[in-house]
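In this text, residue positions in the sequence shown follow our numbering: the first is 9, and each later residue adds one. Where a beta carbon is used, it is the ideal one built from N, C-alpha and C, also for glycine.
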Amino acid sequence: MPHIRRPGATLYFHFDRTDDAPCLFFLNSLATDRSMWDRVVAHLGSDFSVLRFDARGHGKSTCETPDADIGLLVDDALAVMDAAGVEKACLVGLSLGGLTAQAIAARHPDRVSHCVLCATASAFRPPEMWIDRAELALQDGTAQFEQPSMQRWFTPAFQDKEPEAAANTVAMVGATSDLGYAACCRVLAGTDLTDEIGGIACPTLLVAGAADAGCPPEGHARMRDLIPGARLDVLDPAAHMLAVERPADLAIMIRDFVTSHAR
Numbered sequence: 009m010p011h012i013r014r015p016g017a018t019l020y021f022h023f024d025r026t027d028d029a030p031c032l033f034f035l036n037s038l039a040t041d042r043s044m045w046d047r048v049v050a051h052l053g054s055d056f057s058v059l060r061f062d063a064r065g066h067g068k069s070t071c072e073t074p075d076a077d078i079g080l081l082v083d084d085a086l087a088v089m090d091a092a093g094v095e096k097a098c099l100v101g102l103s104l105g106g107l108t109a110q111a112i113a114a115r116h117p118d119r120v121s122h123c124v125l126c127a128t129a130s131a132f133r134p135p136e137m138w139i140d141r142a143e144l145a146l147q148d149g150t151a152q153f154e155q156p157s158m159q160r161w162f163t164p165a166f167q168d169k170e171p172e173a174a175a176n177t178v179a180m181v182g183a184t185s186d187l188g189y190a191a192c193c194r195v196l197a198g199t200d201l202t203d204e205i206g207g208i209a210c211p212t213l214l215v216a217g218a219a220d221a222g223c224p225p226e227g228h229a230r231m232r233d234l235i236p237g238a239r240l241d242v243l244d245p246a247a248h249m250l251a252v253e254r255p256a257d258l259a260i261m262i263r264d265f266v267t268s269h270a271r
């Protein structure tokens with residue numbers, strides 16, 4: 009698998025290129041890997057080129073330090089785009105990936121054609137919670153967060169209907185490196201983009217889960233009001249992990265949004 013060396017990390021990525029097709033660049037959430045998007049990508053067919061990578065310390069990507077900030081994650085993502093030969097892409101990010109997408113779109117508008125921001129926020133509060141989680145991961149590992157993630161990520165109905173899909177997704181939590189988890193928790197603790205997202209100039213779609221307690225629809229509505237021309241769709245039923253719980257609907261939303269805002 010292609011990979012690049014970055015300060016304090018080696019990043020692994022996968023690129024399915026379709027000639028002349030617009031590129032979707034998927035950014036994973038905390039404690040998952042690029043496979044969290046598998047079910048969405050399966051519904052997209054060959055309409056798009058698809059670029060995915062594992063954030064530092066997640067999946068196959070390594071992480072050598074528990075310290076990071078949003079600027080480092082932005083530079084990681086841009087370096088992956090450069091390595092794949094992608095000049096401009098539609099960013100599709102969920103949670104931490106959505107935060108990174110916001111920062112890229114606000115700070116590097118020339119690299120972004122569209123933004124799809126899923127189950128995310130411009131600031132993840134309270135920061136003390138993320139600092140505590142970073143310390144817990146370094147002390148006792150990431151497996152301790154698996155069961156709590158199940159309850160936050162999926163509705164009870166989905167857990168009953170597709171227990172294997174839910175369990176496989178949650179297993180990514182314990183597979184995440186302690187250093188990578190801690191580093192990204194510190195990114196969440198130290199980042200507030202609320203004053204920056206008004207500068208996002210590309211077409212932007214926000215997608216919230218109706219039952220997402222951590223990133224509720226109300227927070228997405230506030231972001232919509234700050235980002236010029238942004239649109240908000242709410243998936244119901246759905247909790248936080250929209251890409252796994254509602255992949256077909258999310259794929260349709262992405263396809264329709266990008267094609268209706270062709271640039």
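Counterpart residues of residue i in DSSP-defined beta bridges
i      : result
ILE235 : For ILE235, which the question treats as bridged, DSSP gives no partner whatsoever.
GLY217 : LEU243
ILE12  : LEU19
THR202 : Paired residue(s): none; THR202 is not in a bridge.
CYS31  : SER57
ASP257 : Answer is none; ASP257 lacks a bridge partner.
THR212 : CYS123
Residue i, buried or exposed, once every other Cβ within 10 Å from all chains shown has been counted against 16
i      : result
ARG133 : exposed
ASP41  : buried
MET9   : exposed
PRO164 : exposed
GLU226 : exposed
GLY237 : exposed
THR267 : exposed
PRO15  : exposed
GLN147 : exposed
GLY79  : exposed
Inter-residue Cα distance where the pair is residue i and residue j
i      : j      : result
VAL242 : HIS51  : 19 Å
THR199 : ILE235 : 17 Å
GLN155 : SER37  : 17 Å
PHE265 : ASP83  : 26 Å
GLY149 : GLY182 : 8 Å
GLY105 : THR128 : 8 Å
GLY67  : ALA39  : 9 Å
LEU250 : ALA91  : 28 Å
ARG232 : ALA270 : 20 Å
VAL195 : ALA97  : 23 Å
VAL58  : PRO171 : 27 Å
ILE262 : THR73  : 34 Å
SER43  : PHE61  : 9 Å
GLU143 : LEU81  : 20 Å
At 3 residues or longer, and completely inside the segment 98-155: list those beta strand (DSSP E) runs for me, N to C. 120-126
May I have a chain-ordered list of the beta strand (DSSP E) segments no shorter than 3 residues that lie completely inside the segment 40-91? 57-61
Contact between the segment 165-182 and the segment 76-96 (3+ Cβ pairs under 8 Å): no
How about the segment 187-195 and the segment 212-220: do they share at least three Cβ pairs that are nearer than 8 Å? no
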